[in-house]
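Visitor: Note that our numbering gives residue 191 to position 166 of the sequence shown, counting from 1, and the numbers run on in steps of one. Glycine is no exception: its CB is placed at the ideal position from the N, C-alpha and C atoms. What follows is a single structure, and I will ask about it in a moment.
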Amino acid sequence: MARVFINGFGRIGRTMLRAWATGKWPGIDIVGINDIAAPDLCAYLFAYDSVFGPYAGTAELQAGALVIDGKAIPLYQTPDVSGLNLSGVDICLECTGKANTRDIAERGLRAGARRILISGPSDAADLTMVLGANDHLLAGQAVVSNASCTTNALAPVVKLIDDTWGLQTGWMTTIHCYTGSQPTIDAPRGDMLRSRAAGLSMVPTTTSAQRLLNQVLPDIAGRVEAAAVRVPTASVSAIDLTVTLNTKTTLADVHALIRQQSGIIGHTDKPLVSSDLRARPESLIISLPETRVTAGGLVRIFGWYDNEWGFSCRMLDVAGMMG
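Written out as structure tokens, the structure reads:
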């Protein structure tokens, strides 16, 4: 049983705990949570979620612990996790969004945890890993990044296509819901476009998946370019991937390949919209009705991904592997 500690109880930290509470990861034991927010607020935001709804079980704060369905998980409140005693912890899930330097990324190690898994891109990691793409590289690395939600959606399908037909070149646009990095009203941010109100406009911007894909799959580096459009929805994003192949294929062959996949890459035959895919655990759910192959051999893949729930499921999967 892997003993796992969550450092940072934001969107991914809370979603991971909800996913874990379904009982689908029996090899993981959540042994503690740390966040700088007040404990009663942490408990409230777990119990009542604007995206996923009220928690179906019981969740309450008791004597410094978050009690989920009768299990008490100690709740800490420190800005520096290295000040805690994490001896006996196998994996510290670094979910603060601040592990951009090695010094911050290693705080869990200094506290006594055996290994670190970061819930986002980080140049401080020993390995940036995507399940279904380069997980064969996972060994004894002390600090691992789970890349980004979009990279988890993109890299496995790009690898699948390249392994099957050979990928010549491609373009991916992620149609991504807004995130906490955007303001709710016009306000200065890192660039002009992301300074606009998230809920009022579609915002063309960049995606870290462009850079991370090249790290995760160096053999195809430079062959797939990417961009993003942030849209005024709160959950579930999509990738629209168009590629040219070394070997021509047919729509029937593309559908057959997709139907063979399970776990990481899912599929649907139904005409769905984004809200229908909420809380789906796959990294990508390909819409077969949206798949296209042109007479010239251009292949279009459109797939949905719950950028919070699906990514959180991959965090738990990888934590189990690391543990």
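1) List the whole-angstrom C-beta distance separating Asn-157 from Ser-308, where the pair is believed to meet the contact cut-off of C-beta under 8 Å.
2) Rounding to the nearest angstrom, what Cα-Cα distance links Pro-314 and Ala-252 in this structure?
3) My understanding is that Trp-50 touches Gly-345, with C-beta atoms under 8 Å, so please give their C-beta distance in whole angstroms.
4) Would a C-beta distance cut-off of 8 Å place Pro-104 and Gly-89 closer than the cut-off?
5) Look up Ile-210 in the DSSP assignment and say whether it is helix, strand or coil.
6) I need the boundaries of the alpha helix (DSSP H) containing Arg-305, first residue and last residue.
7) So within the stretch 221–261, which uninterrupted beta strand (DSSP E) runs reach at least 3 residues, ignoring any that extend past its ends?
8) Go ahead and pull the three-state DSSP assignment for Ala-88.
9) For Val-355, which of Leu-118, Pro-64 and Gly-205 has the nearest alpha-carbon?
10) Do Ile-310 and Ile-326 have their beta-carbon atoms positioned less than 8 Å apart in this structure?
11) How far does the alpha helix (DSSP H) with Tyr-69 in it reach, from first residue to last?
12) Assuming contact is defined by CB atoms lying nearer than 8 Å, are Asp-331 and Val-261 in contact in what I supplied?
13) Can you find the residues in the same chain that come closer than 8 Å, C-beta to C-beta, to Ser-75, ignoring five residues on each side of it along the sequence?
14) State the beta-bridge partners of Val-168 as determined by DSSP.
15) Can you find a heavy atom of the ligand ATP that lies under 7 Å from the Cβ of Leu-218?
16) Is there contact between the stretch 264–275 and the stretch 202–218, where contact requires at least three CB pairs shorter than 8 Å?
17) Which residue or residues does DSSP assign as beta-bridge partners of Leu-152?
18) Considering only their Cβ atoms, is the gap separating Ala-130 from Trp-334 smaller than 8 Å?
19) I need the boundaries of the beta strand (DSSP E) containing Ile-31, first residue and last residue.
20) Taking the Cβ atom as the reference point for each residue, do Val-168 and Ala-150 lie within a distance shorter than 8 Å?
21) Keeping to the same chain, check which residues put their C-beta closer than 7 Å to that of Val-318; ignore five residues upstream and five downstream.
22) Glu-85: which of Arg-127, Tyr-101, Gly-78 and Leu-66 sits nearest, CA to CA?
23) Round the Cβ separation of Ser-144 and Asn-171 to the nearest angstrom and send it over; I've been treating them as touching at under 8 Å.
24) In the stretch 278–303, which residue ranges form an unbroken beta strand (DSSP E) of at least 3 residues, counting only runs that do not cross its ends?
25) May I ask which residues mark the beginning and end of the beta strand (DSSP E) holding Pro-99?
Guide: This is what the structure gives:
1) For the sequence presented, residue 157 should be read as Gly rather than Asn. 7 Å between Cβ atoms; contact.
2) 23 Å
3) 6 Å
4) no
5) coil
6) First-last for Arg-305: undefined, no H or E at that position.
7) 228–230 and 249–256
8) coil
9) The displayed coordinates of the chain run from 26 to 348. Any statement about residue 355 would go beyond what the structure contains.
10) no
11) 64–72
12) yes
13) Ala-259
14) Ile-141
15) The ligand ATP is not part of the structure shown, which contains no ligands of any sort.
16) no
17) Val-169
18) no
19) 27–32
20) yes
21) Thr-274, Thr-275, Leu-276, Val-279 and Val-324
22) Leu-66
23) 6 Å
24) 290–293
25) 96–101
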